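Participant:
In my numbering, the protein residues as written are 1 to 164.
1. What do you reckon, are the CB atoms on residue 66 and residue 138 nearer than 8 Å?
2. Quick one: residues in its chain with C-beta nearer than 6 Å to the C-beta of residue 124, no 5 flanking neighbours on either side, listed in chain order?
3. Can at least three beta-carbon pairs, one atom from the segment 104–113 and one from the segment 140–155, be found at a separation below 8 Å?
4. If I follow the unbroken alpha helix (DSSP H) through residue 193, where does it start and stop?
5. In angstroms with no decimal places, state the Cα-to-Cα distance between residue 76 and residue 91.
6. Kindly indicate which residue of 58, 64 and 162 has the alpha-carbon position closest to the one of residue 98.
7. Measure the C-alpha to C-alpha separation of residue 150 and residue 62 and round it to an integer number of angstroms.
8. Tell me whether residue 82 is buried or exposed, calling it buried when 16 or more other Cβ atoms sit within 10 Å of its Cβ.
9. Considering only residues of the same chain and omitting the five flanking positions on each side of residue 146, which have a CB-CB separation below 8 Å?
10. Look up residue 35 in the DSSP assignment and say whether it is helix, strand or coil.
11. Beta-carbon within less than 6 Å of residue 148's beta-carbon, same chain only, minus the 5 sequence neighbours each way: which residues are those?
12. So, using beta-carbon positions, are residue 48 and residue 128 closer together than 8 Å?
13. Using 8 Å as the threshold, is the C-beta distance between residue 87 and residue 152 below it?
14. My output table needs one value for residue 148: the three-state DSSP class, helix, strand or coil.
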């Protein structure tokens, strides 16, 4: 059952990764190429969208690393049932942070709308405000992913050093 769960988790991650990679930003850019050349508002929206997506694209590949680190921490915890309570607590906190970072990315991606999808219902100013807000949100996701990964790596290194 554990192998099946792992397989399904990896399959979901790959599906989501490829779905995200093909989220249509290229198609949106192609569809709006003429409009962008004529309309500076569209160009500025697309430029800010590109900034947001650069932040996203910098950490999206790290989702697999989060999964790997979670497995390693769980494996270490299971292999050391007599570990100090403080150590177990630190592992649980780090696992929680990794999980929240992963969920933060998934939630952000699920809620993000391309500017092209907003142009019929929102003004240029509203779209720019939306994208600025999304930039802040995805920066938090970026920070959480990188912070949780760094903490997990440091913890695993410490745990492995202590048990040599």
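Ideal Cβ positions, reconstructed from N, Cα and C, are used throughout, including at glycine. Bear in mind that the values here come from a model prediction, so they are computed numbers and not experimental data.
Facilitator: The short version:
1. Indexing the chain shown from 1 puts residue 66 at position 66. Indexing the chain shown from 1 puts residue 138 at position 138. No, they are not a contact pair.
2. One-based indexing of the chain shown puts residue 124 at position 124. Closer than 6 Å at Cβ, skipping near neighbours: 41.
3. yes
4. This structure cannot settle anything about residue 193, because the visible part of the chain is limited to 1 through 164.
5. For the purposes of this step, residue 76 is taken as the residue at position 76 of the chain shown. For the purposes of this step, residue 91 is taken as the residue at position 91 of the chain shown. Each residue's Cα considered, the two are about 9 Å apart.
6. By 1-based counting over the chain shown, the position of residue 98 is 98. Selected option, being the one with the closest Cα: 64.
7. Counting from 1 along the chain shown, the entry for residue 150 is found at position 150. Counting from 1 along the chain shown, the entry for residue 62 is found at position 62. Residue 150 and residue 62: Cα-Cα distance of roughly 11 Å.
8. Position 82 of the chain shown holds residue 82. Residue 82 is exposed by the Cβ-count criterion.
9. What you label residue 146 is simply residue 146 of the chain shown in a count that begins at 1. Only 59 and 62 meet the Cβ criterion.
10. To locate residue 35, count along the chain shown from 1; it is residue 35. Here residue 35 scores only 48 on pLDDT, less than 50, and its place in the model is too uncertain to base an answer on.
11. Residue 148 sits at position 148 when you count from the first residue of the chain shown. So the list reads 97, 98 and 101, once near-sequence residues are dropped.
12. As a working note, residue 48 is residue 48 in the chain shown. As a working note, residue 128 is residue 128 in the chain shown. Contact: yes.
13. Here the question's residue 87 lines up with position 87 in the chain shown. Here the question's residue 152 lines up with position 152 in the chain shown. It is not a contact, given that the beta carbons lie outside the stated cut-off.
14. Looking up residue 148 in the chain shown gives position 148. Of the three classes helix, strand and coil, the one that applies to residue 148 here is helix, per DSSP.
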